[in-house]
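Protein chains in written order, with this note's numbering: chain A, 1453 to 1804; chain B, 54 to 361.
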């Protein structure tokens, strides 16, 4: 799980003769994200060959932008999955955060940042409730978050209609504080004539932080442990419940972040969006090598998974294929990735 | 039934006096007296459902006793969590919960006690320490980065024990560490129990196998249906007596007859019956000739009711 990112490995004192035969290739193949990386390269090459517009730098920027909007919540979803849990409410929690911020600021004529902060509290609360219910009741998180998914879906629509009389929120672009919000969550800057959305930078930052936490800190050790075996972790004194609730709240946090991006990118929020995205986050994590049962996986892998999603999503358009086929490809991709990961993992285990 | 008269002046590391536990109106454990001091191994024997797990859970801090008293180094205690017990130096190694299989050995070794350097972990030091500590206990690992699930069951138990010793445990509670192991692996674990004892630790060794308990134990507590059948020093009981008490010779004989009758139509059952016949014969011979012999193969024939 952590072999290749060593800081200052000592010059291997007295190398054990029994590890000598473990090749660099074997070590590489044992990493969780290797399947996703291979898949990403193949898909990139396919679209590079068949879709000339895909080769443009601006297309690449679009692919990266789309990938980042799914990749940011996927960071937290991957951590949660490594910790042994699911969150099916993540997709609608994104929408809920955006709706809360938009309606609160507009209806109360408050500064945009009041709405932003209240939305953050609401998103963290959603995560906390999910986590609390899971650890206190022992009901599988699949069911608990399926429940909160439907509740949020209903709340998003019903409350928006009550407050605005419409299925979407009012335009918030002339509210005080909007400009700063747009700068933080949804600005664009140009590099060599190509517009890059700021979400790409945030995405990279979140992936780096999460990877560091996962591999380098005791919290990361606990995340792997509670996903691998919660009872064993509890027996050696790991605060299992706190770790799990914390992971659900991390999902809440990144759902909020993504919600803020949607709000500041489009000025209004449709109350019905976000449904189904939770599966895309999970697909990204699984394609990236996260084990569905927990205890194994990588955030970098989930990022590559999101990139695969972004490339396929945009590549089909650039290639001029009928986009109706997109979900078929996505499903085939998921199956392929799972089979490939299984194969690689078995080979890695056998070579030990 | 010799109740041990403690002649030492220092309080034992762990002492339970007439301890019991009720779950609602169900009496899971009743009237258990037990103690373990430094450099001592106290064995707790009993068949499935005898109350062994309840006893461990009380000592380990997962449950609280409802009757009697529980003292650690002479001080009355009542633990609310395993963490509190750990802080008092009472470490429990569970049979199947010892480690997280997918995690590397060094991560398992330091789980819950990570060495920190600033906000991060000091991974180089942790790797080195894990390797060294395991080597000191006689486990020479190829690679502390391999998932611990790739080790054998015996090695995993040993890593868990070495970990508890490293983190300053004064008392080790071992929950059936040999139950799922083969003969050779069990021998490895038993050797570790002796080593922990030689390091000055108190050990509570829970098992249903008297052949494993007798060679390493100093005191023996037998549980049956939630009650203590007795508590002996090694000098007061022989291997044969222990085995007889533990298994319940007459019950075993009845079971043998039953199986034999059923075995008339079923060859598989007949084999089981034959194995029991052997076991019963052994019990009648008495244990004097077998005393102190290394754990034998008789673990293979457990007293589980066969499914017809």
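Glycine included, C-beta positions come from ideal geometry on N, C-alpha and C.
Practice prompt. Hey, could you find the ends of the alpha helix (DSSP H) residue 116 (chain B) is sitting in?
Written response: Under the DSSP assignment, residue 116 (chain B) falls outside any alpha helix (DSSP H); it carries neither an H nor an E label.
Discussion item. Using the Cβ count rule (16 or more neighbours within 10 Å means buried), how would you classify residue 73 (chain B)?
Written reply: The residue in question, residue 73 (chain B), is buried, as its Cβ has 16 or more Cβ neighbours within 10 Å.
Practice prompt. Express the C-alpha separation of residue 258 (chain B) and residue 340 (chain B) in angstroms, rounding to a whole number.
Written response: Because residue 340 (chain B) sits at a pLDDT of 40, beneath the cut-off of 50, its placement in the model cannot be relied upon, and the following sentence gives the value as read from the coordinates. Their backbone Cα atoms lie some 21 Å apart in a straight line.
Discussion item. Using only the alpha-carbon positions, how far apart do residue 1473 (chain A) and residue 166 (chain B) sit?
Written reply: Confidence at residue 1473 (chain A) is low in this model, with a pLDDT of 49, below 50, so the placement of that residue is unreliable and no value is reported for it.
Worksheet item: Would you call the CB atoms of residue 1719 (chain A) and residue 1639 (chain A) closer than 8 Å?
Response: No, these two residues do not count as a Cβ contact at 8 Å.
Worksheet entry | Below-8 Å beta-carbon distance, residue 156 (chain B) vs any chain A residue | Output row for residue 156 (chain B): interface = yes.
Worksheet item: Ends of the alpha helix (DSSP H) at residue 233 (chain B)?
Response: Taken as a continuous stretch (DSSP letters only), residue 233 (chain B) belongs to no alpha helix (DSSP H), as it is neither H nor E.
Worksheet item: Are any of the Cβ atoms in chain B nearer than 8 Å to that of residue 1676 (chain A)?
Response: Interface residue, yes.
Discussion item. Assess contact between the stretch 1563–1581 of chain A and the stretch 1720–1733 of chain A, defined as three or more Cβ pairs (one per stretch) separated by less than 8 Å. Is contact present?
Written reply: Too few Cβ pairs lie closer than 8 Å, so no.
Fill in: Where the stretch 1683–1696 of chain A meets chain B: residues whose CB sits under 9 Å from a CB there
Against chain B - using a Cβ distance shorter than 9 Å - the residues of the stretch 1683–1696 of chain A are 1683, 1684, 1685, 1686, 1687, 1688, 1689, 1690, 1691.
Worksheet item: Just checking my contact of residue 191 (chain B) with residue 224 (chain B) at CB under 8 Å: how many whole Å lie between their CB atoms?
Response: Incorrect: roughly 22 Å between the Cβ atoms, too far for contact.
Discussion item. Taking DSSP's pairing of strands, which residues face residue 248 (chain B) in a bridge?
Written reply: Under DSSP, residue 248 (chain B) forms no beta bridge with any residue.
Item to complete: Give the C-beta separation of residue 94 (chain B) and residue 250 (chain B) to the nearest angstrom, bearing in mind that I take them to be a contact with Cβ-Cβ under 8 Å.
Response: Contact holds; Cβ gap of about 5 Å.
Practice prompt. Check residue 285 (chain B) in the structure and name its three-state DSSP category.
Written response: If DSSP states are grouped into helix, strand and coil, residue 285 (chain B) belongs with the strands.
Discussion item. Just to confirm before moving on: does the CB-CB distance between residue 371 (chain B) and residue 108 (chain B) stay below 8 Å?
Written reply: Nothing can be reported for residue 371 (chain B): it is not among the residues displayed for chain B, which extend from 54 to 361.
Discussion item. In whole angstroms, give me the CA-to-CA distance for residue 117 (chain B) and residue 134 (chain B).
Written reply: Whole-angstrom Cα-Cα distance: 9 Å.
Worksheet item: What's the gap between the Cα of residue 65 (chain B) and the Cα of residue 127 (chain B)?
Response: Across the structure, residue 65 (chain B) and residue 127 (chain B) are spaced so that their CA atoms are roughly 7 Å apart.
Discussion item. Is the beta carbon of residue 1678 (chain A) closer than 8 Å to that of residue 1772 (chain A)?
Written reply: Not a contact, by the Cβ cut-off of 8 Å.
Worksheet item: So residue 1614 (chain A) packs on residue 1600 (chain A), CB below 8 Å; how close in whole Å?
Response: For a cut-off of 8 Å, the C-beta gap from residue 1614 (chain A) to residue 1600 (chain A) is around 20 Å, too long to register as a contact.
Worksheet item: Using 8 Å as the threshold, is the stretch 1516–1532 of chain A in touch with the stretch 1487–1500 of chain A, meaning 3 or more CB pairs across them?
Response: No: the two stretches stay apart, fewer than three of their Cβ pairs being nearer than 8 Å.
Worksheet item: Does the distance from the CB of residue 1488 (chain A) to the CB of residue 1767 (chain A) come in under 8 Å?
Response: Result no, Cβ atoms of residue 1488 (chain A) and residue 1767 (chain A) do not sit closer than 8 Å.
Worksheet item: Can you give, in chain order, each stretch of the beta strand (DSSP E) that sits fully within the stretch 1593–1654 of chain A and has at least 3 residues?
Response: 1640–1643, 1646–1649, all fully within the stretch 1593–1654 of chain A.
Worksheet entry | Beta carbon proximity, residue 141 (chain B) to chain A, threshold 8 Å | For residue 141 (chain B), the answer is no, since every Cβ of chain A falls outside 8 Å of its Cβ.
Worksheet entry | Neighbourhood of residue 1649 (chain A) by C-beta distance below 6 Å, restricted to the same chain and skipping five residues each side | Closer than 6 Å at Cβ, skipping near neighbours: 1517, 1640.
Fill in: chain A within 8 Å of residue 167 (chain B), Cβ atoms only
Under the 8 Å criterion on CB atoms, residue 167 (chain B) is classed as interfacial with respect to chain A.
Worksheet item: What in chain A is Cβ-close to residue 173 (chain B), meaning under 7 Å?
Response: Here the neighbours are 1668, 1669.
Discussion item. Any beta carbon of chain A sitting closer than 8 Å to that of residue 204 (chain B)?
Written reply: Closer than 8 Å: no.
Discussion item. Tell me the rounded alpha-carbon separation between residue 1710 (chain A) and residue 261 (chain B).
Written reply: Using only the alpha carbons, I get a separation of about 56 Å.
Worksheet item: When burial is assigned at 16 or more other CB atoms within 10 Å of the CB, is residue 1619 (chain A) buried or exposed?
Response: Exposed, by the Cβ-count rule.
Discussion item. Spatial neighbours of residue 1541 (chain A) within its chain, please: C-beta separation below 6 Å, excluding the five flanking residues on both sides.
Written reply: Once the five neighbours on either side are set aside, the close Cβ partners of residue 1541 (chain A) are 1597, 1600, 1601, 1604.
Worksheet item: Leaving out five residues before and five after residue 221 (chain B) in sequence, what residues of the same chain have Cβ atoms less than 8 Å from its Cβ?
Response: Excluding residues within five positions, the ones whose Cβ falls inside 8 Å are 142.
Discussion item. I want to verify the contact list: residues of chain B whose CB lies under 9 Å from the CB of residue 1673 (chain A), in sequence order.
Written reply: Here the neighbours are 156, 160, 163, 164, 165, 167, 174.
Worksheet item: Using a beta-carbon distance cut-off of less than 7 Å, what residues from the stretch 1737–1758 of chain A approach chain B?
Response: If you check each beta-carbon in the stretch 1737–1758 of chain A against every beta-carbon of chain B, the ones closer than 7 Å belong to 1747, 1748.
Discussion item. Comparing C-alpha positions only, which one of B:105, B:272, B:278 sits nearest to residue 90 (chain B)?
Written reply: Measuring C-alpha to C-alpha distances from residue 90 (chain B) to each of B:105, B:272, B:278 identifies B:272 as the nearest.
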